[in-house]
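**Student:**
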Amino acid sequence: MQRLLGSLLVATAALSFASAACAESVSEHRVKSAFLYNFTRFVEWPAERFRTPEEPIKVGVLGGAALRASLSALVADRRVGGRPILVVAVKAPAELATVHMLFIAKEEHDTFARMRPELEQLALLTVTDAQPCRTALAHICFVEQDEKLRFEIDVGAANRSQVRISSQLQKLAAAVHR
Amino acid sequence: MAAFRDIPIKNKLTAVTMLTSGVALLLACLAFIAYEFVTFRGVMVSELSSTAAIVGDNMTGALAFNDPQSAEQTLRSLNLHRNITSAAVYREGALFASYVRDANAAGSVPERAKADGHEFRDDHLSLFRTIAIAGEPAGALYIQSDMRQLQARLWRYWLIGVLVLVASSLVAFLLSEKLQTAISRPIFDLAATMSRVRAENDYSIRASKQGEDELGSLIDGFNAMLDQIRAQDQALQDARSSLEQRVEERTRDLREEAAEREQAQAELERTHRQLLETSRQAGMAEVAVSVLHNVGNVLNSVNVSVTTVMEQVTQSRAQNLSKATALIQEHSADLGSYLTGDARGKRLPEYLVQLAGHLLVERDSMLKELEHLRSNVDHIKEIVSVQQSYATVSGLKESVDVAALIEDALRMNSTALQRHEVDIVRHFQAVPVITTEKHKVLQILVNLIRNAKFACTEARREGKRITIGISREGETIQVSVADNGVGIASENMTRIFAHGFTTRRDGHGFGLHSGALAARELGGSLRAFSEGVGCGAAFILELPITEPTAALPSVA
Chain A
37 MQRLLGSLLV ATAALSFASA ACAESVSEHR VKSAFLYNFT RFVEWPAERF
87 RTPEEPIKVG VLGGAALRAS LSALVADRRV GGRPILVVAV KAPAELATVH
137 MLFIAKEEHD TFARMRPELE QLALLTVTDA QPCRTALAHI CFVEQDEKLR
187 FEIDVGAANR SQVRISSQLQ KLAAAVHR
Chain B
7 MAAFRDIPIK NKLTAVTMLT SGVALLLACL AFIAYEFVTF RGVMVSELSS
57 TAAIVGDNMT GALAFNDPQS AEQTLRSLNL HRNITSAAVY REGALFASYV
107 RDANAAGSVP ERAKADGHEF RDDHLSLFRT IAIAGEPAGA LYIQSDMRQL
157 QARLWRYWLI GVLVLVASSL VAFLLSEKLQ TAISRPIFDL AATMSRVRAE
207 NDYSIRASKQ GEDELGSLID GFNAMLDQIR AQDQALQDAR SSLEQRVEER
257 TRDLREEAAE REQAQAELER THRQLLETSR QAGMAEVAVS VLHNVGNVLN
307 SVNVSVTTVM EQVTQSRAQN LSKATALIQE HSADLGSYLT GDARGKRLPE
357 YLVQLAGHLL VERDSMLKEL EHLRSNVDHI KEIVSVQQSY ATVSGLKESV
407 DVAALIEDAL RMNSTALQRH EVDIVRHFQA VPVITTEKHK VLQILVNLIR
457 NAKFACTEAR REGKRITIGI SREGETIQVS VADNGVGIAS ENMTRIFAHG
507 FTTRRDGHGF GLHSGALAAR ELGGSLRAFS EGVGCGAAFI LELPITEPTA
557 ALPSVA
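Chains as they are written, first to last, in the working numbering: chain A, 37 to 214; chain B, 7 to 562.
#1: What does DSSP give as the partner residue(s) for residue 459 of chain B in the beta ladder?
#2: Residues in the same chain with beta-carbon distance under 6 angstroms from residue 536 of chain B, minus the five sequence neighbours each way, listed in chain order, please.
#3: Tell me which same chain residues have a C-beta within less than 8 angstroms of the C-beta of residue 460 of chain B, skipping the five on either side of it?
#4: What three-state label does DSSP hand residue 130 of chain B in the structure shown?
#5: Between A:159, A:195, A:164 and A:196, which has its C-alpha nearest residue 149 of chain A's C-alpha?
#6: Is residue 338 of chain B helix, strand or coil by DSSP?
#7: Give the interface partners of residue 71 of chain B over in chain A, defined as CB-CB distance under 7 angstroms, in chain order.
#8: Where are the alpha helix (DSSP H) runs, 4 residues long or more, that stay fully inside the stretch 62-134 of chain B, in chain order?
#9: Closer than 8 angstroms, Cβ to Cβ, to anything on chain A: give me those residues from the stretch 108-142 of chain B, in chain order.
#10: Buried or exposed for residue 57 of chain A, please, with buried defined as at least 16 other CB atoms from any protein chain shown within 10 angstroms of its CB.
#11: Along the stretch 87-118 of chain A, what residues have a CB closer than 9 angstroms to any CB found in chain B?
#12: Report the option in A:119, A:84 and A:123 whose CA atom is closest to the CA atom of residue 103 of chain A.
#13: Go ahead and pull the three-state DSSP assignment for residue 102 of chain A.
#14: Put residue 54 of chain B into one of helix, strand or coil per three-state DSSP.
#15: What are the partner residues of residue 177 of chain A, as DSSP defines its beta bridges?
#16: Output yes if chain A places a C-beta closer than 8 angstroms to the C-beta of residue 66 of chain B; else output no.
#17: What's the call for residue 444 of chain B, buried or exposed, on a 16-neighbour Cβ count within 10 Å?
#18: Which residue's Cα is closest to the Cα of residue 423 of chain B: B:547, B:153, B:296 and B:198?
#19: For the beta strand (DSSP E) that residue 440 of chain B lies in, which residues bound it at each end?
#20: Any contact of the stretch 50-58 of chain B with the stretch 124-137 of chain B, i.e. 3+ C-beta pairs under 8 angstroms?
#21: Count Cβ pairs between the stretch 204-214 of chain A and the stretch 62-70 of chain B that sit closer than 8 angstroms; are there 3 or more?
#22: Taking the straight line between their C-alpha atoms, what separation do you get for residue 468 of chain B and residue 541 of chain B?
#23: Got a sec, what are the start and stop residues for the beta strand (DSSP E) residue 549 of chain B sits in?
#24: Looking at the unbroken alpha helix (DSSP H) that takes in residue 493 of chain B, where does it start and where does it end?
#25: Is residue 327 of chain B near residue 334 of chain B, with beta carbons less than 8 angstroms apart?
#26: Mapping the DSSP letters down to three states, classify residue 57 of chain A as helix, strand or coil.
#27: Taking 8 angstroms as the CB-CB limit, is residue 148 of chain A close to chain B?
#28: If you measure beta-carbon to beta-carbon, which residues of the stretch 72-105 of chain B are closer than 7 angstroms to chain A?
#29: Determine the burial state of residue 172 of chain B: buried for a count of at least 16 other Cβ atoms within 10 Å of its Cβ, exposed for fewer.
#30: Which residue's Cα is closest to the Cα of residue 164 of chain B: B:517, B:42, B:483 and B:548?
#31: Could you give the DSSP three-state label for residue 499 of chain B: helix, strand or coil?
#32: Can you give me the C-alpha to C-alpha distance between residue 325 of chain B and residue 375 of chain B, rounded to a whole angstrom?
#33: What in chain B is Cβ-close to residue 205 of chain A, meaning under 7 angstroms?
#34: Can you pull the chain B residues whose beta carbon is under 9 angstroms from the beta carbon of residue 78 of chain A, in chain order?
#35: Taking DSSP's pairing of strands, which residues face residue 404 of chain B in a bridge?
#36: Which stretch, first to last residue, makes up the alpha helix (DSSP H) that contains residue 65 of chain A?
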């Protein structure tokens with residue numbers, strides 16, 4: 037398990053985003069999946085978001101079926117803080133009440149923009165790969181820097197959503213907004 | 007240690023106090039430092055652990071996102087901890103990022119991760135710790151610290167210890183200087199009092215007591231001792247004054263005693279002289295008894311001879327001759343016819359012839375008996391004449407042939423010796439004539455031979471023998487009288503010369519005693535030898551050849 041995770045991470049680290057502008061490749065999905073998985077490890081949700089200690093962390097994916105499949109495969113038998121990870125496809129805002137982290141694919145940005153007002157009251161971490169990051173208005177957004185995939189964090193927004201992002205994650209961020 | 011014994015008690019007390027407190031403090035310091043050493047290692051481990059925990063937590067992002075640069079940056083923050091010499095992060099057990107404070111010591115971090123735990127080695131503490139992300143292990147952290155902190159701390163403790171030791175010793179010294187007077191002062195006082203007593207020779211001085219402790223009782227004891235000495239002094243003086251008086255008394259007593267002893271001595275000498283005289287007389291009596299005994303024996307024979315002759319005379323046939331002559335006288339008228347015609351007359355001549363034969367036999371027998379008688383009488387004459395020759399005045403010295411004297415002594419005992427069939431063996435060497443009191447020597451010899459004879463007869467054995475020897479030993483003549491009789495028991499050897507000692511039923515225990523005395527008087531000696539009961543005995547009479555120079559023999 038550890039070994040598998042390790043080899044995957046090593047593999048993702050070895051990858052570069054030489055063709056970032058091109059259509060998303062399989063490996064790009066895998067790297068983003070690894071990032072998404074790692075985000076769950078450095079984020080704390082309010083206790084009331086979980087009913088039991090074993091309740092899975094629910095990761096919702098809006099659009100990006102390929103990435104969802106990749107993430108599902110990655111987290112299949114992993115646990116974070118004793119909880120399994122559950123990847124679900126999201127279409128309507130009503131489905132978001134039980135989701136802890138939401139990934140919004142580029143193409144679903146408009147959909148998300150419509151949903152956003154309803155999400156204000158939810159302790160929900162939002163991640164998007166829409167560009168530019170700031171206008172996307174998600175808590176975390178992927179950016180490409182020196183041909184490497186990195187991310188920016190809007191800690192202020194996250195705090196308002198009652199989601200605590202570990203300083204370790206902030207340390208690794210390309211930029212931290214407050 | 008001898009040096010310690012000789013230093014004043016004040017210094018001794020101080021030294022003891024200082025040493026005791028110093029050792030106690032030193033032990034306390036040592037214990038404290040040892041405790042610190044042990045506990046501080048624990049403290050070091052826990053401090054390093056918490057540092058590792060913090061560093062590990064800061065490493066999670068770098069590990070999760072596989073960012074060695076970030077990890078190294080995090081590790082570099084350790085340069086704030088001056089005791090940390092090196093650190094490293096491992097992912098999947100392999101080295102991920104490392105930090106070494108001193109670049110010269112590069113490569114000092116392990117290549118592979120190890121199990122969690124710490125280790126002290128080569129003046130370093132090293133520690134492995136698993137890094138977990140959200141409860142899941144994600145890597146390991148290695149961190150190594152030097153012991154400079156511990157050493158610095160220990161040095162500090164040593165310094166503090168030494169300072170405390172010095173300071174407390176100083177305080178202890180000052181305190182003991184003050185407090186020890188409680189013990190040393192009374193001792194000083196006592197010593198001073200003692201010196202005064204000795205110097206002034208005044209036993210009325212008393213030491214003053216300051217407390218009821220052991221020193222108090224010591225001072226009491228000292229004072230009591232002084233009392234005793236004083237009392238004894240007094241008693242001694244009294245005794246001295248009374249001693250002179252007692253010496254005087256004693257001297258008087260002694261003088262009286264000496265006078266008494268002198269008197270006793272004189273008495274003793276007189277008694278001794280009497281005794282000597284008595285013994286001399288007794289010696290003469292001995293010879294006389296011997297003579298009478300021998301004469302008595304011979305008289306027996308004389309008596310027998312006389313009786314025999316008397317009987318023969320009484321039963322003599324001489325009266326038959328008178329009967330025959332009467333018959334012849336009766337028939338003198340017709341003697342011829344009577345001798346031829348008468349029956350009785352015819353046998354008469356034959357009878358006369360027979361009678362004459364008988365008478366001749368009788369005469370011969372009586373002559374023999376008379377001859378015997380005469381020889382006995384001669385013997386008596388001889389004995390008496392021998393006795394007469396010795397019955398002279400004592401103290402007369404003359405030349406004596408010892409061999410002849412022995413023969414005389416033997417002759418005096420000859421009858422008894424013959425009767426008991428005792429052989430006499432002579433071993434006479436030719437010796438010069440000696441000058442001595444003849445009768446005393448004879449007394450001794452007679453007595454010795456008689457004793458030897460008694461010893462032989464008492465032994466009841468065959469071949470009774472007395473061996474008599476004469477020999478010369480330098481300026482003395484030795485006469486030995488040895489027998490093969492009963493011998494002398496060893497316990498009696500020392501007593502046989504004592505006055506009144508005898509083993510014989512009818513003995514008076516005087517012979518040997520007077521013999522020994524006489525031998526001494528003559529300047530010689532009489533000694534006895536015996537191998538024990540049944541082994542015979544030998545007596546050796548030693549006499550000087552020349553007249554002894556000492557006029558009077560000393561008497562023990």
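Using N, Cα and C, we set each Cβ at its ideal position, and we do this for glycine too.
Bear in mind the structure is a predicted one, so any value in this text is a computation, not a measurement.
**Tutor:** This is what the structure holds:
#1: Translated into positions along the second sequence, residue 459 of chain B becomes position 453. Answer is none; residue 459 of chain B lacks a bridge partner.
#2: As a first step, residue 536 of chain B must be located in the second sequence, where it is residue number 530. Within the same chain, residue 536 of chain B has close Cβ partners 493, 494 and 543.
#3: What you label residue 460 of chain B is simply residue 454 of the second sequence in a count that begins at 1. Only 491 and 510 meet the Cβ criterion.
#4: If you number the second sequence from 1, residue 130 of chain B lands on position 124. In the structure shown, residue 130 of chain B adopts extended strand secondary structure according to DSSP, grouped into three states.
#5: Counting from one through the first sequence, the residue named residue 149 of chain A turns up at place 113. Among A:159, A:195, A:164 and A:196, the Cα nearest to that of residue 149 of chain A belongs to A:164.
#6: For the purposes of this step, residue 338 of chain B is taken as the residue at position 332 of the second sequence. Collapsing the DSSP output to three states places residue 338 of chain B in coil.
#7: Position 65 of the second sequence, counted from the first residue, corresponds to residue 71 of chain B. In chain order: 74 and 208.
#8: For the stretch 62-134 of chain B, the continuous alpha helix (DSSP H) assignments of 4+ residues that do not extend past its boundaries occur at 74-82, in sequence order.
#9: Taking 8 angstroms as the Cβ-Cβ cut-off against chain A, the residues of the stretch 108-142 of chain B that qualify are 139, 140, 141 and 142.
#10: Within the first sequence, residue 57 of chain A is the residue found at index 21, counting from 1. Because residue 57 of chain A carries a pLDDT of 37, less than 50, the predicted location of this residue cannot be relied on, and the following value inherits that uncertainty. Exposed: under 16 other Cβ atoms inside 10 Å.
#11: Of all residues in the stretch 87-118 of chain A, the ones placed with a Cβ closer than 9 angstroms to any Cβ belonging to chain B are 114, 115, 116, 117 and 118, in chain order.
#12: To locate residue 103 of chain A, count along the first sequence from 1; it is residue 67. For residue 103 of chain A, the nearest C-alpha among the options comes from A:123.
#13: Numbered from 1 along the first sequence, position 66 holds the residue referred to as residue 102 of chain A. Residue 102 of chain A falls in the helix class under three-state DSSP.
#14: Counting from 1 along the second sequence, the entry for residue 54 of chain B is found at position 48. In the three-state reduction of the DSSP assignment, residue 54 of chain B falls in the helix class.
#15: Counted from its first residue, the first sequence places residue 177 of chain A at position 141. Within the DSSP secondary-structure output, residue 177 of chain A pairs in a beta bridge with A:164 and A:188.
#16: Your numbering for residue 66 of chain B matches position 60 in the second sequence. Chain A has a Cβ within less than 8 angstroms of the Cβ of residue 66 of chain B.
#17: The residue given as residue 444 of chain B occupies position 438 in the second sequence. Buried, since its Cβ has 16 or more Cβ neighbours within 10 Å.
#18: If you number the second sequence from 1, residue 423 of chain B lands on position 417. That would be B:296, whose Cα lies nearest to the Cα of residue 423 of chain B.
#19: Your numbering for residue 440 of chain B matches position 434 in the second sequence. Counting along the chain, the beta strand (DSSP E) containing residue 440 of chain B begins and ends at 440-442.
#20: Contact between the stretch 50-58 of chain B and the stretch 124-137 of chain B is present, because at least three Cβ pairs lie under 8 angstroms.
#21: Contact between the stretch 204-214 of chain A and the stretch 62-70 of chain B is present, because at least three Cβ pairs lie under 8 angstroms.
#22: Counting from 1 along the second sequence, the entry for residue 468 of chain B is found at position 462. Counting from 1 along the second sequence, the entry for residue 541 of chain B is found at position 535. Distance between the alpha carbons of residue 468 of chain B and residue 541 of chain B is about 14 angstroms.
#23: Position 543 of the second sequence, counting from 1, holds the residue named residue 549 of chain B. For residue 549 of chain B, the enclosing beta strand (DSSP E) stretches over residues 543-550.
#24: Indexing the second sequence from 1 puts residue 493 of chain B at position 487. According to the DSSP assignment, residue 493 of chain B belongs to no alpha helix (DSSP H), since it is labelled neither H nor E.
#25: Start at 1 with the first residue of the second sequence, and residue 327 of chain B comes out as number 321. Start at 1 with the first residue of the second sequence, and residue 334 of chain B comes out as number 328. Residue 327 of chain B is not a Cβ neighbour of residue 334 of chain B, given a cutoff of 8 angstroms.
#26: Position 21 of the first sequence, counted from the first residue, corresponds to residue 57 of chain A. Residue placement at residue 57 of chain A is flagged as unreliable, the pLDDT there being 37, under the threshold of 50; the coordinate-derived value follows with that caveat. In the structure shown, residue 57 of chain A sits in coil (DSSP, three-state: anything other than H, G, I, E or B).
#27: Here residue 148 of chain A refers to the residue found at position 112 when the first sequence is read from its first residue. Residue 148 of chain A does not count as touching chain B.
#28: So the list reads 72, 73, 76, 97 and 98, given in the order they occur along the chain.
#29: Start at 1 with the first residue of the second sequence, and residue 172 of chain B comes out as number 166. Label assigned to residue 172 of chain B: exposed.
#30: Residue numbering aside, residue 164 of chain B sits at position 158 when the second sequence is read from its first letter. Taking only the C-alpha atoms, the option nearest residue 164 of chain B is B:42.
#31: Translated into the one-based positions of the second sequence, residue 499 of chain B becomes position 493. DSSP, reduced to helix, strand and coil, places residue 499 of chain B outside both helices and strands of the structure shown, so it counts as coil.
#32: Numbered from its first residue, the second sequence carries residue 325 of chain B at position 319. Numbered from its first residue, the second sequence carries residue 375 of chain B at position 369. When rounded, the distance between both Cα atoms is 21 angstroms.
#33: Indexing the first sequence from 1 puts residue 205 of chain A at position 169. Neighbours of residue 205 of chain A on chain B, chain order: 67.
#34: Position 42 of the first sequence, counting from 1, holds the residue named residue 78 of chain A. Neighbours of residue 78 of chain A on chain B, chain order: 66, 67, 70, 139 and 140.
#35: Reading the second sequence from its first residue, position 398 is the one you call residue 404 of chain B. For residue 404 of chain B, which the question treats as bridged, DSSP gives the partners B:442.
#36: Within the first sequence, residue 65 of chain A is the residue found at index 29, counting from 1. Here the alpha helix (DSSP H) through residue 65 of chain A covers 62-77.
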